[in-house]
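J.:
Residue numbers (my numbering): 17 to 481.
1) Based on DSSP bridge pairs, tell me the residues matched to residue 71.
2) For residue 32, list the residues DSSP reports as bridge partners.
3) Where does the unbroken alpha helix (DSSP H) through residue 401 begin, and where does it stop?
4) Given a cut-off of 8 Å on the beta-carbon distance, is the pair residue 299 and residue 309 in contact?
5) Would you report the Cα separation of residue 177 and residue 197, rounded to the nearest angstrom?
6) Are there 16 or more other CB atoms within 10 angstroms of the CB of residue 438, so buried, or fewer, so exposed?
7) Report the option in 428, 163, 144 and 389 whose CA atom is closest to the CA atom of residue 128.
8) Counting C-beta neighbours from all protein chains within 10 Å, is the total for residue 60 16 or more, i.e. buried, or is it exposed?
9) Out of 125, 393, 247 and 157, which one is the CA nearest neighbour of residue 55?
10) Whole angstroms are fine: how far does the CA of residue 277 sit from the CA of residue 357?
11) Less than 8 Å between the C-beta atoms of residue 199 and residue 222, yes or no?
12) Whole angstroms is fine: what's the gap from residue 155's alpha carbon to residue 37's?
13) On the three-state DSSP scale, how would you describe residue 98?
14) Does the Cβ-Cβ distance between residue 288 and residue 455 come in under 8 Å?
15) Is residue 326 helix, strand or coil when you go by DSSP?
16) Just to confirm the assignment, what range does the beta strand (DSSP E) spanning residue 381 have?
17) I'd like to confirm the pairing. Which residues does DSSP put opposite residue 2 in its beta bridges?
18) Give every residue of the same chain whose Cβ lies closer than 6 Å to the Cβ of residue 234, excluding the five residues on either side of it in the sequence, and list them in chain order.
19) Give the secondary structure of residue 293 by DSSP, where H, G and I count as helix, E and B as strand, and everything else as coil.
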């Protein structure tokens, strides 16, 4: 395993295929021995002069075991390597300009390297010698998806980072061998795949090797052992694949923004504490998914944000429901007539509670507030919810619905601020606009209509790993 602190300035990541090849004899013991020898050969390759790291998008090439560096020196700080990475702009003299930084949820740089192996050596080549052996055996071949990460500060040199990577690569191959042998069935091999998980501080980023193709439900024993190893509670799924760490330099394929609140500055209250949603969610709002729900779909969008939270924490496998699926669920539970499907009718917190229970099997608590003025006194209840459950909260009142992602609350003064994710936004997925314009932001008690009633749906977290 590779352990990386989540507050790192730079993550150095190396990826690339390594080919596992070996001849297998008939008995199980000999098969396992042959696979172990093949893994030992790969570990030797990683430590050999043939091992090469290439900085992605740049002319920088490194032979980590020989100390040869092209374009840079071994003592170049990791931070300086970014200036060689190609962008749309080219600086005079051929040097690549560094990538421009934009506002993003995770303030960490990722230096991507490709793992390669030289197949030829310099100098005169000896004549090849061919030999022929006739025997009956099985040939096993698999491509191992190597993926290692290490933490390094901006002042660490690239040589120090490469030394860490070599150690991580060797360790990952040991883990891959262990998983391969554990799940070997005859001559059928399940390819081991590394998955990165961000654990609570101070544990940070951890890499775990799972057998590809084996569903999470069949890996509970391994996950339980990992929980014990890292002293984690057994009431939440830290090591389900849905919880895999998403590197900040890789865009999400579905196009939704994740955790836009992470770039915001917390309010400063006298003796106040901040209580936030725990985990990852997607921001769902008006006009997404080619659906024109402007003026009526805010509660649907808030519900979609909540559903995305359960999906991305690994509690459920189903996709985020569409408006029609939400409406059909309400018909199925007897809350609405069949004509409700395809309509533009609003829903509220009670309907959100019913849909979560029907589609996801999630229970929710409802908090009733007779007038918005009372919300200022709900700091303790909301703080406790985010501390123990950590799920997004849907709040509906009148014709408006919002998502509460956290509270800043002072037990001594009673001051309170609400972290609001507004589903009424109709623009593009622009984090800068969404946070600068307050579509995701901290709001005071005057944000609520002081005389209107509100219902809050507080979804509960299932207790399993």
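Cβ coordinates follow ideal geometry from the N, Cα and C atoms, glycine included. Everything numeric in this text was worked out from a predicted model, so none of it was measured.
T.: Considering the structure as presented:
1) Working through the chain shown from its first residue, we reach residue 71 at position 55. Note: residue 71 is bridge-paired with 129 in the DSSP secondary-structure output.
2) Here residue 32 corresponds to residue number 16 of the chain shown, with the count starting at 1. 162.
3) In the chain shown, counting from the first residue as 1, residue 401 sits at position 385. For residue 401, the enclosing alpha helix (DSSP H) starts and ends at 395-404.
4) Here residue 299 is taken as the residue at index 283 of the chain shown, counted from 1. Here residue 309 is taken as the residue at index 293 of the chain shown, counted from 1. The answer is no: Cβ separation not under 8 Å.
5) Walking along the chain shown from the start, residue 177 turns up at place 161. Walking along the chain shown from the start, residue 197 turns up at place 181. Each residue's alpha carbon lies about 30 Å from the other.
6) Start at 1 with the first residue of the chain shown, and residue 438 comes out as number 422. Buried: at least 16 other Cβ atoms inside 10 Å.
7) Stepping through the chain shown from its first residue, residue 128 is reached at position 112. The residue from 428, 163, 144 and 389 with its alpha-carbon nearest to that of residue 128 is 163.
8) In the chain shown, residue 60 corresponds to position 44, counting from 1. The residue is exposed, with fewer than 16 neighbouring Cβ atoms inside 10 Å.
9) In the chain shown, residue 55 corresponds to position 39, counting from 1. Of 125, 393, 247 and 157, the smallest CA-CA separation from residue 55 is found for 157.
10) Start at 1 with the first residue of the chain shown, and residue 357 comes out as number 341. Start at 1 with the first residue of the chain shown, and residue 277 comes out as number 261. Going from the Cα of residue 357 to the Cα of residue 277 covers about 33 Å.
11) For the purposes of this step, residue 199 is identified with residue 183 of the chain shown, where counting begins at 1. For the purposes of this step, residue 222 is identified with residue 206 of the chain shown, where counting begins at 1. The answer is no: Cβ separation not under 8 Å.
12) On the chain shown, residue 155 is found 139 positions in, with the first residue counted as 1. On the chain shown, residue 37 is found 21 positions in, with the first residue counted as 1. Distance between the alpha carbons of residue 155 and residue 37 is about 7 Å.
13) If you number the chain shown from 1, residue 98 lands on position 82. For residue 98, the three-state secondary structure derived from DSSP is helix.
14) Within the chain shown, residue 288 is the residue found at index 272, counting from 1. Within the chain shown, residue 455 is the residue found at index 439, counting from 1. Between residue 288 and residue 455, the CB-CB gap reaches or exceeds 8 Å.
15) Position 310 of the chain shown, counting from 1, holds the residue named residue 326. Residue state, collapsed to three classes: helix.
16) Counting from 1 along the chain shown, the entry for residue 381 is found at position 365. If you look at residue 381, you'll find it in the beta strand (DSSP E) that goes 380-385.
17) Outside the shown range of the chain, which is 17 to 481, sits residue 2, and nothing can be said about it.
18) Sequence index remark: in the chain shown, residue 234 carries index 218 (1-based). If we look at residue 234 and ignore the five residues flanking it on each side, it has no Cβ neighbours.
19) Here residue 293 refers to the residue found at position 277 when the chain shown is read from its first residue. Coil at residue 293, not helix or strand.
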